[in-house]
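**Q** If you scroll down you'll find the structure; I have some questions about it.
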Amino acid sequence: FTTFDNRKWQTNQVTYRIENYTPDMSVAEVDNSIERALQVWAKVSPLRFTRIYSGTADIMISFGTRNHGDSYPFDGPDGTLAHAFSPGPDIEGDAHFDDDEYFTFSSTRGYNLFLVAAHELGHSLGLSHSNDPGALMYPVYSYTDPSTFSLPRDDVNGIQYIYGPNPDVNPNPDKPDPTPPSTPDACDPTLVLDAVTTLRGEKMFFKGRFFWRSYSQSSTPQQNLIKTFWPGLPDNINAAYESQLSDRVFLFKDRQVWALSGYDIVPGYPKNLNSLGLPSTVKKVDAALYDVDSRKSLFFVGDYYYSYDEEMKRMDKGFPKRVDEGFPGMTSKVTAAFQVRSFTYLYSGSYVFEYSMRTRRQLRVLGNSYFLPC
Amino acid sequence: LPISPPTEEDEVLAETYLKRFFNLTEETGPTARRGPSQRSRKVSEMQTFFGLQVTGTLDAETVTMMKKPRCGVPDVQPSR
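Protein chains in written order, with our numbering: chain A, 1 to 374; chain B, 1001 to 1080.
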């Protein structure tokens, strides 16, 4: 996180006023969105907010278009959604929303006002932009379900750096508050990836709300929120694999599977696991890969794995087999898997086990950083 | 991602974006000709901030990032 040279409100009692409303939402929806956005910050700091209905508040909130009287004109639909000023007198502390955007209360269409306001009010309180792609103060808009929103760790650290923690928090140690979500770090030696896959030459590594893209032209894997690319996909993916046969990437979460064609979700998905021939007793797939030589999809479930013939659309006979039967030496649970240059890589915890499919021999034990550089 | 070189439209977008969010200023005088251009440095600064590969040029990834909806506050604060 970064701050505006430590500019802050000199009191923890901050006033706000909503000067006007967007026609996109009802007055009650705007009021509710702004109130919840302020509470995001109040929950983790000593700041308390009081709404006033006339006169000048510390934070004046307004909707406007193009030139709206502050020398920083808006740019029409998309692009810049809103801006806000750091704490101080007059215009400082104020938050302006570009009313050429379509603001919404809860849907994934347009831009969710709660999420945009929570970010802008972070500026109004003294936070500048963060380069943590999981932070609320990251400058790029990304949809998250507002009903499950939890202020990320980076933002909590930022606001508490300026104002300190909430003195009223957690009076009941038996019922601790949920831990703020942190952004996974490729340099963490204990990192356990949720899923790995290839996609037309790229490698993708999934963890929680995030995934890294890595491709040969770039030495730096790029970390993104899953929702930034696919608002319709769930977080915490269980498994993923690329089928060279159908040129699709399949992503698994619990009993459901999604298919991507390129970067687009294939219509008709998600489907149930049994659409891939898995029995109804399978509640989740831990890892999956496509074996280029045999042209079979392998699904790892606990200590066993299944072999699916996508061409014939049926599970191969003799499966499920124990994982250590097909992959000698693989005695721990497979948590992710893929094939690269005809070698099979089975992830288990923070280790990667390299196998030759021809000899079925384990060749090397590697660390996460082999494919996902720190 | 597009693999074609940046279009004129992309160049204009980049100019506006870097001025607004990365404090790009007009280059004048002989110092502008020494070393990488200010624009290239600002592109690198932006790529570093967003965790992109740092090339100093307007590659497809960088242009895509510039087109994403975002907050209007600069990512780099002008020095005071």
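We treat Cβ as the ideally placed atom computed from N, Cα and C, and that holds for glycine.
Considering Trp41(A), what are the terminal residues of the alpha helix (DSSP H) in which it resides?
**A** According to the DSSP assignment, Trp41(A) belongs to the alpha helix (DSSP H) that extends over 27-42.
**Q** What would DSSP say about Gly64(A), mapped onto helix, strand or coil?
**A** strand
**Q** Leaving out the 5 sequence neighbours to the left and right, which residues in its chain are closer than 8 Å to His129(A) when beta-carbon positions are compared?
**A** Thr2, Met137, Tyr138, Pro139
**Q** For Glu1026(B), count neighbouring C-beta atoms within 10 Å of its own C-beta (all shown protein chains included) and say buried if the count is 16 or more, exposed if not.
**A** exposed
**Q** Quick one: does the C-beta of Gly69(A) sit closer than 7 Å to a heavy atom of the ligand GDP?
**A** For the ligand GDP, the structure offers nothing, since it holds no ligand at all.
**Q** Can the beta-carbon of Asp24(A) be found less than 8 Å from the beta-carbon of Thr104(A)?
**A** yes
**Q** Would you tell me roughly how many angstroms separate the C-alpha atoms of Leu245(A) and Glu325(A), rounded to the nearest one?
**A** 26 Å
**Q** Thinking Phe229(A) and Tyr263(A) are a contact (beta carbons under 8 Å), I'd like their distance in whole angstroms, please.
**A** 7 Å
**Q** May I ask you to report which of helix, strand or coil DSSP gives Asp168(A)?
**A** It is coil, neither helix nor strand.
**Q** Determine whether the beta carbon atoms of Pro1006(B) and Val1063(B) lie at a separation below 8 Å.
**A** yes
**Q** Could you check which residue in Leu366(A), Ser275(A), Val323(A), Leu372(A) has the C-alpha nearest to that of Arg360(A)?
**A** Val323(A)
**Q** In whole angstroms, what is the alpha-carbon distance linking Arg1080(B) and Arg1020(B)?
**A** Any reading at Arg1080(B) must be qualified, since the residue scores a pLDDT of 34, below 50, and its modelled position is unreliable; the value itself is stated next. Cα atoms of Arg1080(B) and Arg1020(B): separation of roughly 17 Å, rounded to the nearest angstrom.
**Q** Under 7 Å Cβ-Cβ, which residues of chain B neighbour Tyr72(A)?
**A** Gly1072
**Q** Output needed in chain order: residues of the stretch 59-83 of chain A with a Cβ under 9 Å from some Cβ in chain B.
**A** Listed in sequence order: Tyr72, Phe74, Asp75, Asp78, Gly79, Thr80, Leu81, Ala82, His83.
**Q** Which residues in chain A have a C-beta closer than 7 Å to the C-beta of Asp1075(B)? List them in chain order.
**A** His129, Pro139
**Q** Check whether the stretch 1035-1052 of chain B touches the stretch 93-112 of chain A, taking contact to mean three or more Cβ pairs, one atom from each stretch, closer than 8 Å.
**A** no
**Q** I believe Asp254(A) touches Lys284(A) by the beta-carbon criterion, under 8 Å. Please report the beta-carbon distance rounded to the nearest angstrom.
**A** 5 Å
**Q** Could you please give the first and the last residue of the uninterrupted alpha helix (DSSP H) stretch that includes Glu1046(B)?
**A** According to the sequence shown, residue 1046(B) is Met rather than Glu. Here the alpha helix (DSSP H) through Met1046(B) covers 1038-1049.
**Q** Tell me which residues of the stretch 198-226 of chain A have at least one Cβ-Cβ distance to chain B shorter than 7 Å, keeping chain order.
**A** Ser218, Ser219, Thr220, Gln222, Gln223
**Q** Would you kindly work out how many angstroms separate the C-alpha atoms of Asp1065(B) and Leu225(A), rounded to a whole number?
**A** One point to set straight first is that residue 1065(B) is Met, not Asp, in the sequence displayed. Each residue's Cα considered, the two are about 13 Å apart.
**Q** For Gly93(A), report the span of its alpha helix (DSSP H) as first-last.
**A** Taken as a continuous stretch (DSSP letters only), Gly93(A) belongs to no alpha helix (DSSP H), as it is neither H nor E.
**Q** To the nearest angstrom, how far is the alpha carbon of Asn238(A) from that of Tyr308(A)?
**A** 18 Å
**Q** For the stretch 263-274 of chain A against the stretch 361-370 of chain A, do three or more pairs of beta-carbon atoms, one drawn from each stretch, fall closer than 8 Å, so that the two count as touching?
**A** no
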